[in-house]
């Protein structure tokens, strides 16, 4: 009789799987965001506005960063600045992915996907396409949702991992 092969945890022995999974999923999220932005531009380019419960769908271009901060800055400065921030974020996420909890990794993936989507959208010089307006919050897009929700999930995952580590010690 042969012995069954031991079950191995993929985290320590295969860190490339977590890193590759994070980057692949982030690129898929960015792709989904860019497809929806293209649809918003195509369908709302003549100033159309659609009212749905809780939201107004209309086309706007944000030349700044979050909440239009920095919109008066030259496009090149905004692109370079966000590019550096995203590069640092991606480096940090890929280095730490093998050690992250699933919750933190999911949050990091959402943040990376949203950041990449908005960065690629910004490269044409017109600004980031925003199309969701609540009436009480600045107009936003799916990538912004990814970044916001992802940040909360990442922080929650890191806090939970810290508490789990404290109780294990």
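Residue numbers (the working numbering): 7 to 175. Just so you know, even glycine gets a beta-carbon here, dropped at the ideal spot from N, CA and C. In this text, all values refer to a predicted model and were calculated from it rather than measured experimentally.
Could you tell me which whole alpha helix (DSSP H) segments of length 4 or greater appear in the stretch 68-130?
If we require 4 residues or more, the alpha helix (DSSP H) runs fully inside the stretch 68-130 come out as 81-102 and 108-128.
Exercise for review: Using only the heavy atoms of the ligand HEM, determine whether one of them is closer than 6 Å to the beta carbon of residue 131.
Suggested key: Here there are no bound small molecules, and the ligand HEM is not part of this structure.
(message) If I follow the unbroken beta strand (DSSP E) through residue 134, where does it start and stop?
(response) By one-based count along the chain shown, residue 134 stands at place 128. Per DSSP, the continuous beta strand (DSSP E) segment holding residue 134 begins and ends at 134-139.
Beta-bridge partners of residue 61, as assigned by DSSP = Here residue 61 corresponds to residue number 55 of the chain shown, with the count starting at 1. According to DSSP, residue 61 bridges with 58.
Q. Over what stretch of residues does the alpha helix (DSSP H) that includes residue 22 continue unbroken?
A. The residue given as residue 22 occupies position 16 in the chain shown. For residue 22, the uninterrupted alpha helix (DSSP H) run begins and ends at 21-50, by DSSP.
Quiz prompt | Residues that residue 66 bridges to, as DSSP identifies them | solution = To locate residue 66, count along the chain shown from 1; it is residue 60. Within the DSSP bridge table, the entry for residue 66 names 136 as partners.
- Which whole-angstrom value describes the C-beta separation of residue 100 and residue 159, a residue pair presumed to lie in contact below a C-beta threshold of 8 Å? Taking the first residue of the chain shown as 1, we reach residue 100 at position 94. Taking the first residue of the chain shown as 1, we reach residue 159 at position 153. Actually they are not in contact, since the Cβ atoms of residue 100 and residue 159 sit about 18 Å apart, beyond 8 Å.
**Item:** Per-residue DSSP class, three states only, for residue 143
**Value:** Reading the chain shown from its first residue, position 137 is the one you call residue 143. Residue 143: coil per DSSP, three-state reduction.
Kindly list the residues whose CB is nearer than 6 Å to the CB of residue 15, restricted to its own chain and excluding five residues on each side of it in sequence; keep chain order.
Locating residue 15 in the chain shown gives position 9, counting from the first residue. Because residue 15 sits at a pLDDT of 45, beneath the cut-off of 50, its placement in the model cannot be relied upon, and the following sentence gives the value as read from the coordinates. Excluding sequence neighbours, residue 15 sits near nothing in its chain.
* What separation, rounded to the nearest whole angstrom, lies between the Cα atoms of residue 24 and residue 66? -> Looking up residue 24 in the chain shown gives position 18. Looking up residue 66 in the chain shown gives position 60. Near 36 Å, if we compare the C-alpha coordinates of residue 66 and residue 24.
Secondary structure of residue 163, DSSP reduced to three states: Looking up residue 163 in the chain shown gives position 157. Note: residue 163 maps to helix in three-state DSSP.
Alpha-carbon spacing of residue 35 relative to residue 74, whole angstroms | As a working mapping, residue 35 is identified with position 29 in the chain shown. As a working mapping, residue 74 is identified with position 68 in the chain shown. The alpha-carbon separation between residue 35 and residue 74 amounts to approximately 23 Å.
Proximity of residue 127 and residue 117 at Cβ, strictly below 7 Å: As a working mapping, residue 127 is identified with position 121 in the chain shown. As a working mapping, residue 117 is identified with position 111 in the chain shown. The Cβ-Cβ distance between residue 127 and residue 117 does not fall below 7 Å.
Using the Cβ count rule (16 or more neighbours within 10 Å means buried), how would you classify residue 149? By 1-based counting over the chain shown, the position of residue 149 is 143. Buried, because 16 or more other Cβ atoms sit within 10 Å of the Cβ of residue 149.
Cβ-based burial, residue 56 [other Cβ within 10 Å; buried from 16]: Walking along the chain shown from the start, residue 56 turns up at place 50. Label assigned to residue 56: exposed.
- Per-residue burial, residue 43 [other beta carbons within 10 Å of its own, 16 or more giving buried]: For the purposes of this step, residue 43 is identified with residue 37 of the chain shown, where counting begins at 1. Residue 43 counts as buried, since no fewer than 16 other beta carbons sit within 10 angstroms of its beta carbon.
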